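Working notes for the structure below.
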Amino acid sequence: MKLSTKVSLLVLLSVVLIIVMMGFSFYTLSKSFYKNQLQGEIEHRLDAHREVVELHMVPETLEHVMIMEKRNQDNTFIIFDANFNVQNSTQQVSKEMIDRYQSWIVSLSKRSNEKTEFVNTMTEHIPHIWSYEPFKINGELAGYLFIDQDTGSFEEARLTLLGITMSMGLITLLFSGMFTIFLSKKITLPITNARDLTKQIAKGNFDVQLSSKGNDEIDDLLRHISTMAIQLKEYRDTRQQFLTNVSHDIRTPLTYIKGYAALLKDQKVEADLVHDQATIIHQEAVRMESLVKNLFQLMKLEEGKIQLNIQEIDLVDFIQEVKKKVTLATDDKKIDILFSYAHPTLLANIDPDQFERVLLNLLNNSIRHTNLNGKIQVRLEERYKEIIIEIEDNGEGIPAKDLPYIWDRFYRVDKSRSTKYGGSGLGLAITKQIIEQHGGTIQIKSTVNVGTVFTIRLNNS
1 MKLSTKVSLL VLLSVVLIIV MMGFSFYTLS KSFYKNQLQG EIEHRLDAHR
51 EVVELHMVPE TLEHVMIMEK RNQDNTFIIF DANFNVQNST QQVSKEMIDR
101 YQSWIVSLSK RSNEKTEFVN TMTEHIPHIW SYEPFKINGE LAGYLFIDQD
151 TGSFEEARLT LLGITMSMGL ITLLFSGMFT IFLSKKITLP ITNARDLTKQ
201 IAKGNFDVQL SSKGNDEIDD LLRHISTMAI QLKEYRDTRQ QFLTNVSHDI
251 RTPLTYIKGY AALLKDQKVE ADLVHDQATI IHQEAVRMES LVKNLFQLMK
301 LEEGKIQLNI QEIDLVDFIQ EVKKKVTLAT DDKKIDILFS YAHPTLLANI
351 DPDQFERVLL NLLNNSIRHT NLNGKIQVRL EERYKEIIIE IEDNGEGIPA
401 KDLPYIWDRF YRVDKSRSTK YGGSGLGLAI TKQIIEQHGG TIQIKSTVNV
451 GTVFTIRLNN S
């Protein structure tokens with residue numbers, strides 16, 4: 001069963017239940033009100049007749065009362081004396097009914113203070129109202145005024161009221177049904193669209209368009225699905241690019257290893273040439289090993305599987321030691337590394353192994369992209385409980401269009417993925433992950449042909 005059908009049935013059943021309850025309540029209250037009005041009107045008439053009779057107990061008064069009651073065709077008005085003898089009546093009444101009236105008056109006066117009841121007569125199916133009012137002359141009981149009122153008009157009003165209630169219920173049900181169908185379609189249509197689109201996403205089609213202009217839960221769902229599709233597309237594209245880059249970076253050293261190994265195997269070469277070819281094989285194997293090692297390192301960092309071994313370290317001495325490890329590379333290109341710091345000692349809580357990797361990655365990156373006789377500046381300072389490390393070079397710089405992607409895996413400004421500058425394209429991605437694991441941030445500013453500045457900020461509170 002479709003969701004729209006379920007919603008429609010549920011709403012319609014609820015509406016029917018409400019209509020039945022409201023209709024029943026309306027009918028019951030209206031019937032009770034009309035019944036009380038009829039009963040009150042009869043009792044008021046009898047009370048008025050009693051007052052007139054008690055004030056002027058003369059034949060003219062009784063005649064006047066009889067004339068007034070004869071106007072009501074639906075009732076029988078009788079004047080009894082104290083012994084229940086009929087003194088006057090608006091209609092001919094049988095002795096059997098006279099006896100019933102007498103018995104009822106005596107019975108009701110003994111068991112209740114009420115003087116009116118609805119009575120089901122044996123001859124008719126329509127209930128009657130019987131009501132009496134005793135009257136006194138000179139303080140003595142002189143007789144009874146009695147009305148037997150046919151409630152036919154009341155029954156007609158009751159049936160009319162019932163018809164109106166049912167008609168209102170049917171009209172309400174009709175309009176509510178139409179509104180329910182419209183509402184259920186309006187609610188379920190975007191859900192159906194979302195279902196169809198998620199099917200497309202499940203099939204790998206992430207180029208879906210979801211339009212949502214409202215602010216309710218369904219529109220939020222559509223927006224989240226749209227965001228999910230974008231993220232899945234980015235993930236797919238990143239994965240494809242990742243596989244392409246990995247296959248390229250692994251295939252290149254493997255090609256070297258395979259080619260030079262074939263030369264060593266199939267040809268008789270001199271010892272010096274053997275040494276050179278073996279050296280190339282070794283270098284490419286080391287490069288491939290480094291690539292695989294960096295991949296595993298990055299995966300563990302992204303999955304949060306590397307636990308930091310936090311220690312209190314003096315960053316001044318620490319950076320001095322890291323600086324020594326790149327001396328060979330700087331000497332080859334005659335690059336000067338200048339280290340400046342504001343305080344002779346600056347303690348920080350870091351993982352020394354991981355943070356050394358950060359500094360080595362940044363320094364090696366600067367060395368690779370700095371020309372001969374270039375200069376690299378390392379600055380260390382503390383500002384407002386924040387440790388700031390800056391590594392600035394005067395190298396070739398990075399184009400502005402490439403800066404947003406510099407932290408992506410395998411991203412290289414050199415789109416040819418040549419090995420001109422070496423490196424795997426993973427160093428900066430690993431660096432960013434390690435800094436963020438330390439609760440810090442890293443930023444980059446670069447200008448082409450001017451240089452690049454990396455800024456690390458660590459909380460030292």
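Its first residue numbered 1, the sequence shown is counted upward by one per residue in UniProt numbering.
Heads up, the beta-carbon is just placed ideally off N, CA and C, and yes, glycines get one too.
Computed from a prediction, not measured in an experiment: that's the story for all the values here.
Give me the DSSP bridge partner(s) of residue i.
{"i": "Ser89", "result": "Ile78"}
{"i": "Gln149", "result": "Asn75 and Ile129"}
{"i": "Ile280", "result": "According to DSSP, which records beta bridges pairwise, Ile280 is partnered with nothing at all."}
So, with DSSP's three-state summary, where would you put residue i?
{"i": "Val11", "result": "helix"}
{"i": "Val16", "result": "helix"}
{"i": "Arg50", "result": "helix"}
{"i": "Glu396", "result": "coil"}
{"i": "Ser446", "result": "strand"}
{"i": "Gln311", "result": "strand"}
{"i": "Gly259", "result": "helix"}
{"i": "Leu347", "result": "strand"}
{"i": "Thr370", "result": "coil"}
{"i": "Thr441", "result": "strand"}
{"i": "Ile388", "result": "strand"}
{"i": "Ile306", "result": "coil"}
{"i": "residue 463", "result": "Nothing in the structure corresponds to residue 463, since the chain is present only between 1 and 461."}
{"i": "Phe182", "result": "helix"}
{"i": "Asn205", "result": "coil"}
{"i": "Leu161", "result": "helix"}
{"i": "Arg236", "result": "helix"}
{"i": "Tyr405", "result": "helix"}
{"i": "Leu426", "result": "coil"}
{"i": "Tyr34", "result": "helix"}
{"i": "Leu362", "result": "helix"}
{"i": "His56", "result": "coil"}
{"i": "residue 462", "result": "With the chain represented from 1 up to 461, any question about residue 462 goes unanswered, as that position is not in the structure."}
{"i": "Asp216", "result": "coil"}
{"i": "Phe26", "result": "helix"}
{"i": "residue 463", "result": "Because residue 463 is not part of the residues shown, which for the chain are 1 to 461, the question remains open."}
{"i": "Phe84", "result": "coil"}
{"i": "Lys432", "result": "helix"}
{"i": "Arg417", "result": "With a pLDDT of 45 at Arg417, under the threshold of 50, the modelled position of this residue cannot be trusted; read the value that follows with caution. Arg417 falls in the coil class under three-state DSSP."}
Less than 8 Å between the beta carbons of residue i and residue j, yes or no?
{"i": "Leu197", "j": "Ile225", "result": "yes"}
{"i": "Thr76", "j": "Val53", "result": "no"}
{"i": "His128", "j": "Gln102", "result": "no"}
{"i": "Thr180", "j": "Val11", "result": "yes"}
{"i": "Leu145", "j": "His49", "result": "yes"}
{"i": "Phe348", "j": "Asn460", "result": "Looking at the sequence shown, residue 348 is not Phe but Ala. Contact: yes."}
{"i": "Pro399", "j": "Val448", "result": "yes"}
{"i": "Thr370", "j": "Ile335", "result": "yes"}
{"i": "Glu390", "j": "Leu346", "result": "no"}
{"i": "Phe80", "j": "Gly139", "result": "no"}
{"i": "Lys324", "j": "Ile367", "result": "no"}
{"i": "Asn88", "j": "Leu62", "result": "yes"}
{"i": "Ser131", "j": "Ile42", "result": "yes"}
{"i": "Leu363", "j": "Val316", "result": "no"}
{"i": "Gly427", "j": "Asn361", "result": "yes"}
{"i": "Asp353", "j": "Asn309", "result": "yes"}
{"i": "Thr455", "j": "Gln443", "result": "yes"}
{"i": "Ile201", "j": "Val208", "result": "yes"}
Along the beta strand (DSSP E) that carries residue i, what are the first and last residues, could you check?
{"i": "Arg383", "result": "Lys375 to Arg383"}
{"i": "Asn459", "result": "Gly451 to Asn459"}
Residue i lies in the alpha helix (DSSP H); which residues open and close that run?
{"i": "Leu62", "result": "Pro59 to Lys70"}
Tell me whether residue i, by its Cβ, gets closer than 7 Å to a heavy atom of the ligand MG.
{"i": "Gly440", "result": "No copy of the ligand MG occurs in the structure displayed, which carries no ligand at all."}
**OP:** Enumerate, from N- to C-terminal direction, the unbroken beta strand (DSSP E) stretches of 3 or more residues contained entirely within the stretch 94-146.
**Re:** 116-119 and 128-137
Original post:
Taking only runs of the alpha helix (DSSP H) that begin and end inside the stretch 317-341, which ones reach a length of at least 4 residues, in chain order?
Top reply: 327-333
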